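Student:
There are 2 protein chains.
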Amino acid sequence: MIYDSSDIIAAPASGSGGAISVIRISGAGSVAMVSSLFIPGPENNDSERSLITARGFTLHYGYLKDRDAVIDEVIVSVFRQPHSYTGEDSVEISCHASPYIEHKIMEMLTGKGARAAMPGEFTRRAFINGRIDLSQAEAVADLIASESEASHRLAMNQMRGGFSQEINSLRDKLLQFASLIELELDFGDEDVDFADRDDLKATIGQVREVTETLAASFRLGNAIRNGFPVAIAGRSNSGKSTILNGLLRDDRAIVSDIPGTTRDAIEANLNIGGILFRFIDTAGLRETSDIIENLGIRKTYQKINEAMVVLLVTDATDGADIINATVEIILKQMGSAAKELVLIINKCDLLESGQCMELHKSVNLPTGVRSLMINAREEDEIARLRDLLLEITGSGDAGNTLIITNSRHYSALTSCSQALKRAEEGMADGIPFDLVAMDIRQATYYLGEITGAITPDEILRNIFKNFCIGK
Amino acid sequence: MIYDSSDIIAAPASGSGGAISVIRISGAGSVAMVSSLFIPGPENNDSERSLITARGFTLHYGYLKDRDAVIDEVIVSVFRQPHSYTGEDSVEISCHASPYIEHKIMEMLTGKGARAAMPGEFTRRAFINGRIDLSQAEAVADLIASESEASHRLAMNQMRGGFSQEINSLRDKLLQFASLIELELDFGDEDVDFADRDDLKATIGQVREVTETLAASFRLGNAIRNGFPVAIAGRSNSGKSTILNGLLRDDRAIVSDIPGTTRDAIEANLNIGGILFRFIDTAGLRETSDIIENLGIRKTYQKINEAMVVLLVTDATDGADIINATVEIILKQMGSAAKELVLIINKCDLLESGQCMELHKSVNLPTGVRSLMINAREEDEIARLRDLLLEITGSGDAGNTLIITNSRHYSALTSCSQALKRAEEGMADGIPFDLVAMDIRQATYYLGEITGAITPDEILRNIFKNFCIGK
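Going down the list, the sequences are from chains A and B.
No gaps in the numbering here: position 406 of the first sequence is 406 in the working numbering, and each next residue is one more.
Whatever position you read off the second sequence (first residue = 1), add 471 for the working numbering.
#1: What residues from the region 12 to 27 of chain A come within 9 Å of chain B, judged by C-beta to C-beta, listed N to C?
#2: Runs of 4 residues minimum, wholly inside the region 180 to 251 of chain A: which ones carry the alpha helix (DSSP H) assignment?
#3: So, is residue 96/A buried or exposed, given that buried needs 16 or more other C-beta atoms within 10 angstroms?
#4: Residues of chain A with CB under 7 Å from residue 942/B, in chain order?
#5: If the criterion is Cβ atoms closer than 8 Å, does the pair residue 917/B and residue 939/B meet it?
#6: Would you check if the region 168 to 181 of chain A and the region 481 to 488 of chain B touch, i.e. whether three or more CB-CB distances between them fall below 8 Å?
#7: For residue 541/B, which residues in chain A fall below 8 Å Cβ to Cβ?
#8: Check whether the Cβ atoms of residue 648/B and residue 911/B lie closer than 8 Å to each other.
#9: Using alpha carbons as the reference points, say which of 448/A, 394/A, 21/A lies closest to residue 101/A.
#10: Relative to chain B, which residues along the region 88 to 103 of chain A have a C-beta separation below 8 Å, given in chain order?
#11: If we define contact as Cβ-Cβ less than 8 Å, is residue 344/A a contact residue for chain B?
#12: Could you tell me whether any Cβ in chain A is nearer than 8 Å to the Cβ of residue 887/B?
#13: Output, in sequence order along the chain, the residues in the region 605 to 616 of chain B whose CB is closer than 8 Å to any CB in chain A.
#14: With a 10 Å radius around its C-beta and 16 neighbouring C-beta atoms as the bar for buried, classify residue 144/A as buried or exposed.
#15: Within the 8 Å Cβ cut-off, does residue 147/A reach chain B?
#16: Are the C-beta of residue 83/A and some C-beta of chain B separated by less than 8 Å?
#17: Are the region 58 to 75 of chain A and the region 577 to 595 of chain B touching, with three or more C-beta to C-beta distances below 8 Å?
#18: Is residue 343/A closer than 8 Å to residue 472/A when the C-beta atoms are compared?
#19: Among 609/B, 552/B, 565/B, which residue has its Cα nearest to the Cα of residue 933/B?
#20: In whole angstroms, what is the alpha-carbon distance linking residue 748/B and residue 584/B?
#21: Compare the C-beta of residue 939/B with all C-beta atoms of chain A and state if any pair is closer than 8 Å.
#22: Along the chain, where does the alpha helix (DSSP H) that runs through residue 445/A open and close?
#23: Sort out for me which residues DSSP pairs residue 531/B with in a bridge.
#24: Use the C-beta contact count for residue 700/B: other C-beta atoms within 10 angstroms, 16 or more gives buried, fewer gives exposed.
#25: Under a CB-based cut-off of 8 Å, is residue 409/A close to chain B?
#26: For a cutoff of 8 Å on Cβ pairs, would you count residue 623/B as touching chain A?
#27: With DSSP collapsed to three states, give me the class of residue 353/A.
#28: Please report how far the alpha carbon of residue 913/B lies from the alpha carbon of residue 890/B, in whole angstroms.
#29: Fully enclosed by the region 770 to 796 of chain B, which beta strand (DSSP E) runs are 3 residues long or longer?
#30: Find out if the Cβ-Cβ distance for the pair residue 304/A, residue 231/A is shorter than 8 Å.
#31: For residue 184/A and residue 195/A, which I take to be in contact (beta-carbon distance under 8 Å), what is that distance rounded to the nearest angstrom?
#32: Relative to the C-alpha of residue 460/A, which candidate in 394/A, 37/A, 268/A, 133/A has its C-alpha closest?
#33: For residue 566/B, does the three-state DSSP call read helix, strand or coil?
#34: How about residue 620/B and residue 745/B: are their beta carbons less than 8 Å apart?
#35: What residue ranges within the region 5 to 57 of chain A form continuous alpha helix (DSSP H) runs of no fewer than 4 residues, ordered along the chain?
#36: Between residue 130/A and residue 89/A, which are expected to be in contact by the criterion C-beta below 8 Å, what is the C-beta distance as a whole number of angstroms?
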């Protein structure tokens, strides 16, 4: 990919299949280019009849012409630098959403010297022209992809710069110390201490704590962005599907398919209370020697390992022994992985009153494992499960704390805190101060990668290639 | 469907899957409605900071807020009545193309009292407010659906009103006479002739000629709009698929699938020289008593009947007798239907030089049937076939004459010319003049249906229900 930021770039920016399409053009000279294809219609503000001299934030009604043929009746939006998305002169053509017209307009624009924009190139220009930083640019892509209120809120916060501010403030603190240390080293012979050692230690400790907290939020952030994986496990006929269907039926749950996967595995995306959950219905669990069945069960275990929450569905009528055995199998499989187990004792309505509670007491659960006695056929009882799931994800307050959702940020933060840890250890061990300074510089470098203050070309390429065209 | 034209209507107007989405809002008060959800950003024209008082044809950058939460960073376009698509005050919100954001904005708008627009409702309002007539409204839908240069050109001509002008001028002529006749009838006792009989006859004749010419253009117009159906027939192994593949391979041909049909039948859409062709590869033709095979062949005959052009592919090495027999079968099948047969003598390269020409001479073809001797494996020879197809469709000058593409117009025109014929016959038979006047009135009614001067509600409902939402 070759990006030349002096070119005029053009691309369809809206999706296909609607009533109108928007074609976006950006770069110095883009207004003149569109003007050369445009015949103003009779209905415009009188003051704005000429497109070529149009001010920013004006709309122009008229026709696009290819020699003598009218290609379409359009509305043209004019943006003047620096007040546009890219920071350059930009134009948006709103035309009829016909593939033929879209294709023809792109052809006319490239005929006049424009170049088809590469994925994310408009946003890349916004970054290059200092309109947004890198983490904000990434948030634009996340915003477009967001499927739930929670993921939307995270992306919007990041796009509006909350995360960048936090990172920049941490980086500034470290940079200040790094400069002082370097100054000290320059005056090495004179043995002066510009940087207060205790202050430095305290700052490094603080920054490390924040970066570690942020890095730790990635697991939650990633789940919010892509959906909380919840595995529904249990013996056959324990009511797994009834529970999934109950959740699906719930009015408040918005069901969406995951293309390509739903048909292969029983997997459903549910939006519960603004949080996206990915439910994975697994094959029935039981000890078996059948090879084929073992394969199915191995797959189940794999799904359990991928999940953040495991709903273990048991049948109250099976009795305590079988339930205990199932719990044991699951716990063994889960090992020490950081995931939440919820024991569901289903079909409690089939027992005499009070018996279910008795049964519950005789099940051996490790401390902290939640359990729920329900009849999955009842709406009210499914609602209790729904509330429990929201409680477990603890994402209700996701908007109030900083949560990272991006694996690139996660690894930069992790690298940063490792560098800071080395600096702390170095200071404790009394290693030469210029080595400590190197670790601190390294830490600032990693933080700079997040916002794009430091941006190797390769990072830029990787980020923007995942954008859609027209953005 | 209940249309209330005093409501504020809203709908996503762009397709799904892009970088930006456009939500369209129309109706008195729509600017104020959006303004109540909008916080202006720092970058706007100074003179246009307030959305609520904004002039038409202005753009506004800012944020949409749902109580305290920022839902998106948006660009809002303001149009003031009557200078908008619908003729009413209208707003377009250009937001990030996230399904969540789109859904949320629609929710906020309906929360403020807007109603989700029904398919075509914006265009319906443009019609009701006298911005466009009915035939122009229909052209909007055609324009969006157009897949080729030729169909685009027809839709654009119709949208720009060329067809409406013609219809209106015919209707005016008839209305004038109808009025004069009615005046005459009012003065019945006095035996005065306001309407000159010869003039009247001449006018009716003229109008009938034009309506019949227009009605006759429907077959071509429909083919241009939906693609020229071309059946490729012939005995097995005569090279039918080679010819189809040759046309598909051609650089100038743009292939597009017809969803849902391609997999069932071998059918391909090809854009050749701006004209859309629908090629239908049929089962091999031969006389057979096998029931199953006969079923296949019956299907082939059906395809042949649907086609406007039949390419009969024959194998030069089969010799004149077999070729003549195949031609005979096809001609019998085609009967007197108005379609074009093209005989292709394929594999001419396998014969000695000159032999193919000899063969051609001994094939019995009715006058006017075109034939082509080719080797379908050669690109140049496929190009000759391509040129021949363009010549047959004769649609190269489709832009210069009026061609109708709409079956509703076709039946209105046909009804009109039938009414005129009755009037002519009535006059010749000397029937009472008030009956002639009724036929003329009837004819003007049918013409009025086309442009919407006369529009039963049912017609309107039928037209707009086929639009996409947001248009």
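Heads up, the beta-carbon is just placed ideally off N, CA and C, and yes, glycines get one too.
Here the structure is a predicted model, which is why all the values come from computation and not from measurement.
Tutor: Reading off the structure:
#1: 12, 13, 14, 15, 16, 17, 18, 19, 20, 21, 22, 24
#2: 197 to 216, 218 to 226, 240 to 249
#3: buried
#4: 19
#5: no
#6: no
#7: 156, 160
#8: yes
#9: 21/A
#10: 92, 94, 96, 97, 98, 99, 100, 101
#11: no
#12: no
#13: 611, 614, 615, 616
#14: buried
#15: yes
#16: yes
#17: no
#18: Here chain A covers residues 1 to 471 and nothing more, so residue 472/A does not appear.
#19: 609/B
#20: 47 Å
#21: yes
#22: 433 to 451
#23: 547/B
#24: buried
#25: no
#26: yes
#27: coil
#28: 6 Å
#29: 780 to 786
#30: yes
#31: 6 Å
#32: 133/A
#33: strand
#34: yes
#35: 30 to 35
#36: With a Cβ gap of about 16 Å, residue 130/A and residue 89/A do not count as contacting.
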